[in-house]
Structure formats: C-alpha cells, structure tokens
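Student: Below are the structure tokens for one structure; questions will follow.
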C-alpha cells in the first residue's frame, strides 16, 4: 500500500523545551476527570499537559496524574504544575491498577483515560462529551488517534471471533471520508477513552486479570455491550499519540509481551460473545460494517445544510433516521462539494460524506462499491435522471429509490399558469414526461404530500408511491401571546416560488399590512442577494439573512406568512413556524397537502388585503391566536414528526 503524503499541519508540543511552571485551568467541581497514568517519561507527560492547557475544553474538568513509582523526577516536575492533582503509587501497579486508582479518586461524572504519551487538539474533550449527549446508548467514546506526522493511527478497533484485534485506518490520511464519521466499533484504545464514572465502577473498573496491561480496553468494551450500551469512535476528537513510547512495540519483550498472553485470557472470558464477531479471515471492509444491517447510498445535488432550505432539513432528518435504523449510510453530493463543517455535521449523524478530492464522481465510486449496496436513494429528478440507469447497471442488487422532494413538473406547470408563458408550459410538459418515466423505472418513489401521492397513483397505478414528508422537531410555544407583534417569512432566493413570494410581500403585502398595523415589520429569513435587498428594501421589511437558530425570531413572532402563488410539495416554512407554535397565514397553494383546516389550523388568504385582514385579526384576538398555535403544533406532531418518516423507511427498506 502506498504511504500517504505526510501531514505536518498539527501543532505538536516540543519535548525539548526548558521546563517552566504553568497552570491548568481546572475546576473544583469537574464534569470530566482526566486520568493520566505515568511511569517515567516526564518530558512526554509535560508535553501532554501543555497541550491540555493550550486546548482547554469548554466543559469543566480536572486532571489527575497517577504516578506509578516513576524512576525519574516526574513527581518533582509535575508538582510545579498548578491545577494538577497528583497521586502516587507506593509500588508499581501497571496501567490497569494505576488507572483504577485514578478513577477511585475522580470527582467528575465522566472519566477520560489519557496516555501520557498523547497530545490533545481542539475539541478533544468536548467532542467525546457530544457523543454521549447525542447517543443515549453510548457506553464508551474514543478519540481519533493520529501520529505526530499527521497520519491516522487508529479509528476504532475490530475484534474477530478468535479474539484477535485490529486497529482500523492505520497509516491512512486522517481526513479520508471513511474515518470522519461517528460510528459504533468493537473497542477503542485506552490511550483516549471516555466513560461515565458510575458505569465504570459498576463493572469493577479495568479487569485486573489483564494486569499489568493489554486487552483491558477491549474487555471494557465487551462489558459495555453486556450492559446494552455501545462503543463509539468519535472523529471530532483528535488526539496525537506517540505509540510505543510508554510500552514499546516488541510483542516478545517488555510490557508488549502481555498482549499475546492476554488475548487468550480475553478469548476465554468472552467465548460466547465472540461467536457473533466476524470470523477470522473476514475482509476489513466487511468487518468495519459488521454491526450494520447493510450499506445505503444517498445522492443529492449538493450537501444538505439545514439552515439553508427546507429540503436540507428534511434530508438531514432522513439520514439521521437511516443511521438510527442500523444502516451504514454514505452521502454523495453531485456537485462534489462539502465543507469541513458540513462533513463534521453529517459525521455526527453517522454519515460518511463522499466528496472531492477523495471521491471524483458517482460513476467511479459505483464501479468500486456498487456491489456493497443494499439501496440507493436518488434525490430530485435532476439527479435521478442522470444516474438511475447507471445504478441499475453497477449496483444491480440494490433497491433503487427516487425521492422527488417535490414534483418538479407540478411546480413548473403552476408557474406557467401564473405567468401565462407558453414556453414554460412546454417545459413543464417535458418535465412531466421525464419525471413519470423515472418513477416507472424505480422500485419506490417518495413524495412529500398526500396530494402528490394521489396524483401519481392516478397517473401510474402500477408504481409504488410512498409518503415521506417533511420531518420536524416540535419545539413548542415557549412565549405567551402578549407582546408578539411582527411577522416572519422563511425562505431564500434559491427557490423560484420564494422569489415570487418575497417580491409580492415587498411590493403589495407590506403596504396592505401597514395600512392596518402601521408599526408591523416582516422579517425575511433566508439568503437574499444584495441586488434584491437594495431593490426591495423599504419601511416594514427587514432582511435577516440566514440565521443559525430560528428560535429568537419565532418566539416573538405574531404570525408567519406563506404567500406562495405556485409550487408543489409540502412547505417547510409552514411546518417550521408551526413547530414553534406560531400561527400561519398562507395561500391555498401553500397549504395544499398539509392536512390543515382553514380557520382552525391555519388562516388562508389569496390577496394582500386578505393577508392584512388576517394579521389584524391575530393582533386583536388572543383566543384565535391560541387555537391556531395549539392546532399547528398538533399538526406537526401528527403528520410531520420522525415517527411517520421512520415507519415509511422501515417499510421500504426492510
């Protein structure tokens, strides 16, 4: 195998710095206790502590160094580091006894065992905590370990049926997509391992039968699964590890010799559990996904970014559900682009992102991996039209699923009717022909509204059409009616129906609103080009741009506007507003397929005066506002929560 180009971008603390005292920003009431066993090698320990001081986490923490009868001046030097707790063993106990001693003295709710020959990087501790916060079944979380030259050392470990262990990813480029997503693994190295203190104590700590060291971390991982918990590799936490400094690398001498004898001890203890592990000789690619039900590829035009648009929010939720249902999920953006933040965000969902420069395009990837796939989901007709036939050829065993997102031809048809354009009408007819042909070609087609499902059922009675609508968390109404005044429109300029709606708001609806409510303001949330802002700006209209969190706006909004005059599908802007308990004023087109009752769940208006009258009613009628707020929340919970989407995915993929 060709060695990857060396990467020197990591900040590595020098071992040769003259010692000067320094301070660790620790806490007397820590959430996390960092436990560092040491036996000599004080230069490495000091470099580790300096890296912690440089990259102090957000969470409160303490650092406990347990000196295992060091033969050098470790204690003398370390006693000059402020904020450090130092414990001393009277005699050499080895890694296991020393780690257990530190755990007994720990005050934090979490324990983080850290080798003294490591150096931490930004997010090293907070990333592991995030794994516990996101995954309620997390028993252990372990860091991505890299060599000082930047190459990957370990991305979680594999255990085979004979008890033999294998560290995955060794010598790979650390940012290769295969190693950048959170996933369940057989074990993680004790060089950087986090566990809840009470859970660690409940299993008796590291098992002394492996003393002085080796296989204790693997044994602990199997103990977690016996409790019904899981072990996760967490790539957002990166730790530099000078492997071999503390124990050497020769399996026949020194500490390393225990690795061979302890394999037999481990195999005897976990004989029953090992029967479900990959047999010896299983390929590494298969072993890496041994705990997953199968592999699913999802392709969309670009990487989803939930604050950008409703489609991104929905797709992100679908990816999360696929991971929760036990699938190994890979996502490929057709434009090849994904930022580090986007890769990290999808990685937290357990999703591997296949983007440039690591993956050139879908055809090349399918030729190498198409045979591994259980299903392929192609999102939008522009993507499905390019690749449906290719998927059939290169991945013949995979189920081919077409996610329409919304029916493109239906949106184009309505835009043509609004404009009276003959050319747009011809384009809509061409789109209809190609979209229906795609639906016939695929095993299953997803639509977002009952209206579209009924429409396609009449057009293509033999096709399998499933409802997979918008997916929203229900945030609830956290602020009362009193004091609410302004209105909001959610949507950016990247979607033609939004462009028309924003222009209609600026030119006609805002003047009508301010004739009745002179102080009212409409806040437009979403990406709007500078030219459009300058053209449309005026009294009563505020362009907020894209915001990371809608809550501050929604929690004080009187109502949300959805003045859409054409379009298709289910409107995420309506779902999002209702998920915060904000009443919605919308056109008939906007509420189509949303299972909303006018006057009870939503107010419907078709012209500027109608929008103004509805807003005025809400501004003066608390009872009406409360009714719409409650019913909107109920609608999202009943029709657009994760439950319905999860049931559809299970039905289709099982």
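Residue numbers (the working numbering): 506 to 1159. The beta carbon of each residue, even a glycine, is placed where N, CA and C say it ideally should be.
Measuring straight from C-alpha to C-alpha, what distance separates residue 888 and residue 805?
Tutor: 6 Å
Student: Thinking C-alpha only, which one of 884, 601, 808, 904 is nearest residue 861?
Tutor: Measuring from the Cα of residue 861, the nearest candidate turns out to be 808.
Student: Is residue 947 helix, strand or coil by DSSP?
Tutor: coil
Student: In this structure, does DSSP put residue 738 in helix, strand or coil?
Tutor: strand
Student: Considering only their Cβ atoms, is the gap separating residue 723 from residue 692 smaller than 8 Å?
Tutor: yes
Student: Please identify the residue among 944, 627, 1088, 600 whose C-alpha is closest to the C-alpha of residue 991.
Tutor: 1088
Student: Quick check on the burial criterion: 16 or more other C-beta atoms within 10 angstroms. Buried or exposed for residue 581?
Tutor: exposed
Student: Quick check on the burial criterion: 16 or more other C-beta atoms within 10 angstroms. Buried or exposed for residue 869?
Tutor: exposed
Student: Return the Cβ separation of residue 801 and residue 880 in integer angstroms, given the expectation that the two are a contact with Cβ distance under 8 Å.
Tutor: 5 Å
Student: So, under 8 Å CB-CB, residue 701 and residue 614 are touching, yes? Tell me the CB distance rounded to an integer number of Å.
Tutor: 7 Å
Student: Would you grab the beta carbon distance between residue 560 and residue 653 for me? Rounded to a whole angstrom, and I think it's under 8 Å.
Tutor: The Cβ separation is near 16 Å, so there is no contact.
Student: Can residue 952 and residue 946 be called in contact, C-beta distance under 8 Å?
Tutor: No, Cβ-Cβ distance for residue 952 and residue 946 is not below 8 Å.
Student: Is residue 702 helix, strand or coil when you go by DSSP?
Tutor: helix
Student: According to the Cβ coordinates, are residue 537 and residue 566 closer than 8 Å?
Tutor: yes
Student: Helix, strand or coil, according to DSSP, for residue 1069 in the structure here?
Tutor: coil
Student: Pick helix, strand or coil for residue 1102, following the three-state DSSP scheme.
Tutor: coil
Student: Only counting runs of 3 or more residues, tell me where the beta strand (DSSP E) segments fall wholly within the stretch 566-623, in order along the chain.
Tutor: 566-572, 589-593, 615-619
Student: Assign residue 1074 to buried or exposed, taking buried as 16 or more other Cβ atoms, counted over all protein chains shown, within 10 Å of its Cβ.
Tutor: Buried: at least 16 other Cβ atoms inside 10 Å.
Student: From 852, 791, 667, 954, pick the residue whose C-alpha is nearest to that of residue 1076; which is it?
Tutor: Ranking 852, 791, 667, 954 by Cα distance to residue 1076 puts 954 first.
Student: Since residue 608 and residue 710 should fall inside the 8 Å C-beta cutoff, what is the C-beta to C-beta distance between them, to a whole number of angstroms?
Tutor: 6 Å
Student: Can you list, in chain order, the residues of its chain with a C-beta nearer than 6 Å to that of residue 961? Leave out the 5 residues immediately preceding and following it.
Tutor: 970
Student: DSSP three-state call for residue 1116: helix, strand or coil?
Tutor: Helix.
Student: Quick check: the Cα distance between residue 830 and residue 1040, rounded to an integer number of angstroms?
Tutor: 48 Å
Student: Secondary structure at residue 972, three-state DSSP: helix, strand or coil?
Tutor: strand
Student: Please classify residue 1156 as buried or exposed, where buried requires at least 16 neighbouring CB atoms within 10 angstroms.
Tutor: exposed
Student: Tell me the residue span of the beta strand (DSSP E) that contains residue 663.
Tutor: 662-664
Student: Excluding sequence positions up to five away, which residues of its chain have a Cβ less than 8 Å from the Cβ of residue 1116?
Tutor: 1014, 1017, 1018, 1066, 1068, 1090, 1110
Student: Straight-line CA distance for residue 872 to residue 583?
Tutor: 56 Å
Student: DSSP on residue 952, reduced to helix/strand/coil?
Tutor: strand
Student: Would you mind working out which of 690, 547, 665, 657 sits nearest residue 674, comparing C-alpha positions?
Tutor: 657
Student: If I measure Cβ to Cβ from residue 1159 and keep anything under 8 Å in the same chain, skipping five residues before and after, which residues do I get?
Tutor: Result list for residue 1159: empty, nothing under 8 Å.
Student: To the nearest angstrom, how far is it from the Cα of residue 785 to the Cα of residue 1051?
Tutor: For residue 785 and residue 1051, the distance between alpha carbons rounds to 52 Å.
Student: Near residue 1097, what residues of its chain come up, given a Cβ to Cβ distance below 6 Å and the 5 sequence neighbours on each side ignored?
Tutor: 956
Student: Look up residue 905 in the DSSP assignment and give the residues it is bridged to.
Tutor: 881
Student: Compare the Cα-Cα distances from residue 974 to each of 1144, 842, 1103, 1057 and report the closest residue.
Tutor: 1144
Student: Suppose contacts are defined by Cβ-Cβ distances below 8 Å. Is residue 1062 in contact with residue 1141 by that definition?
Tutor: no
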